[in-house]
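Protein chains in written order, with numbering that gives the first Met the number 0: chain H, 0 to 165; chain L, 0 to 165.
2 protein chains.
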Amino acid sequence: MRAIATEVGVQVGALYNYTPDKQSLLFDLLQSHMSELMDAFVDNPAASPTARLHHFVQFHIAFHTVRRDAVVISSMELRNLEPQNFACIEALRRAYEDRLEAILRDGVATGAFDLPDTKISTLAIIAMLTGVNTWFRDDGRLSLEEVTARYRDMVSRSAGVSERAG
Amino acid sequence: MRAIATEVGVQVGALYNYTPDKQSLLFDLLQSHMSELMDAFVDNPAASPTARLHHFVQFHIAFHTVRRDAVVISSMELRNLEPQNFACIEALRRAYEDRLEAILRDGVATGAFDLPDTKISTLAIIAMLTGVNTWFRDDGRLSLEEVTARYRDMVSRSAGVSERAG
DNA sequence: GTCTATAATCCGATAGAC
DNA sequence: GTCTATCGGATTATAGAC
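And the structure:
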């Protein structure tokens with residue numbers, strides 16, 4: 000709280016005009032982050048599964064790299080949430096995972112993807128993509144577009160995207 | 000320190016007979032964890048790149064799932080290390096990544112793998128595999144062997160393992 | 001709505017008896 | 001080597017003046 004107050008430029012007591020306590024502030028932060036994530040991702044069920052998967056890859060990397068601070072906080076402070084608040088954030092996280100799994104399932108159904116287990120693939124893909132955040136730097140060897148292209152290829156391969164299907 | 004003392008069954012002051020301060024204790028913990036990781040992984044450069052990659056997948060998942068607590072601490076407390084200690088642990092982490100990248104490079108050289116960027120693939124594979132730790136439960140839907148098999152397939156695909164090559 | 005001041009608590013670390 | 005006791009500092013949160 001003292002660090003936040005210093006950053007904002009007020010005294011600690013003044014913060015309590017905007018939040019009842021630290022737990023609520025943290026929860027609101029994480030909830031906003033997850034809600035923005037859910038709202039920002041717009042899937043197009045009418046498009047091909049491959050196109051939808053590529054869009055997910057591009058979206059996930061872009062969303063998380065421009066919100067590095069929020070992502071770090073969300074992962075580091077998740078365990079400091081009270082049980083009820085923790086359960087709420089976890090539910091939002093699972094709902095986001097379901098968005099990707101829906102794409103994978105549709106792809107399997109149409110034969111565009113070759114996956115033995117969509118749930119495992121969902122978790123693996125998200126872990127792989129989120130990992131970009133831990134090492135990507137704007138002044139690094141590769142641009143974000145190049146990195147995204149590489150991950151799009153790896154995800155496509157791991158999903159068994161058929162080479163001819165769209 | 001108070002939590003550790005309670006868990007061990009001694010008073011707080013007694014802990015300082017075993018560590019000069021909390022920072023040293025944390026650093027020793029992380030350093031031991033990383034050193035064990037490096038020592039436990041035994042690569043066989045004479046084997047085929049595909050076999051070596053499969054072994055890495057199996058090893059990484061097995062090592063991390065049986066040390067869940069140490070992995071959680073290592074990731075959560077990493078930022079609480081003083082700069083010099085942080086740099087030391089990061090160097091160990093990079094050394095471990097290099098072990099995998101060596102396999103990928105050899106595979107590309109022999110034509111067993113099809114990878115445009117071994118560094119990116121290294122980071123992606125490790126992130127994917129480490130992610131297992133966040134959701135795997137012994138009493139879950141799949142056994143650790145089944146999960147490992149699925150990840151081995153996904154990693155092989157993302158590495159572009161040629162279907163005929165060994 | 002922000003400030004100063006402070007309460008209540010927790011933390012890492014130390015001192016000294018045994 | 002462990003204990004009791006405590007120091008010094010940091011933390012969240014509150015109270016009351018302005």
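By construction, the Cβ of each residue, glycine as well, lies at the ideal position given by its N, Cα and C atoms. This structure is a prediction, so every number in the text was calculated from the model and none was measured.
Min CB distance residue i to chain L below 8 Å
i, result
"H:Met37", "no"
"H:Ile119", "yes"
"H:Tyr150", "yes"
"H:Ser157", "yes"
"H:Lys33", "Residue identity check: residue 33 of chain H is Met in the sequence provided, not Lys. It does not: the Cβ of H:Met33 has no partner Cβ on chain L nearer than 8 Å."
"H:Val146", "yes"
"H:Met153", "yes"
Sub-8 Å separation of residue i and residue j beta-carbons
i, j, result
"H:Ile124", "H:Leu99", "yes"
"L:Thr147", "L:Val56", "yes"
"H:Arg156", "L:Arg51", "no"
"H:Arg149", "L:Pro115", "yes"
"L:Asn132", "L:Arg78", "no"
"L:Phe62", "L:Ala86", "no"
"L:Met37", "L:Tyr95", "yes"
"L:Met0", "L:Val11", "yes"
"H:Phe112", "H:Ala46", "no"
"L:Asp173", "L:Ile102", "Because chain L spans 0 through 165 in this model, residue 173 of chain L falls outside it and cannot be assessed."
"H:Ala108", "L:Met127", "no"
Classification of residue i by the beta-carbon crowding that lies within 10 angstroms, buried from 16 upward
i, result
"L:Ile3", "exposed"
"H:Val65", "exposed"
"L:Ala13", "exposed"
"H:Val160", "buried"
"H:Gly165", "Here the model assigns H:Gly165 a pLDDT of 45, short of 50, so the residue's position is not dependable, and the following value carries that caveat. Label assigned to H:Gly165: exposed."
"H:Thr117", "buried"
"L:Ser120", "buried"
Per-residue contacts from residue i into chain L (C-beta, under 7 Å)
i, result
"H:Leu122", "Gly130, Trp134"
Test: residue i CB closer than 8 Å to a CB of chain H
i, result
"L:Arg51", "no"
"L:Ala126", "yes"
Partners in chain H for residue i, counting only beta-carbon separations shorter than 8 Å
i, result
"L:Asp116", "Leu141, Arg149"
"L:Tyr75", "For the record, residue 75 of chain L in the displayed sequence is Met; it is not Tyr. Those are Met75, Arg78, listed as they occur along chain H."
Distance between beta carbons of residue j and residue i, contact taken as under 8 Å
i, j, result
"H:Leu143", "H:Phe135", "7 Å"
"H:Gly106", "H:Pro48", "3 Å"
"L:Ile88", "L:Met33", "6 Å"
"H:Glu81", "H:Gln22", "6 Å"
"L:His53", "L:Arg151", "5 Å"
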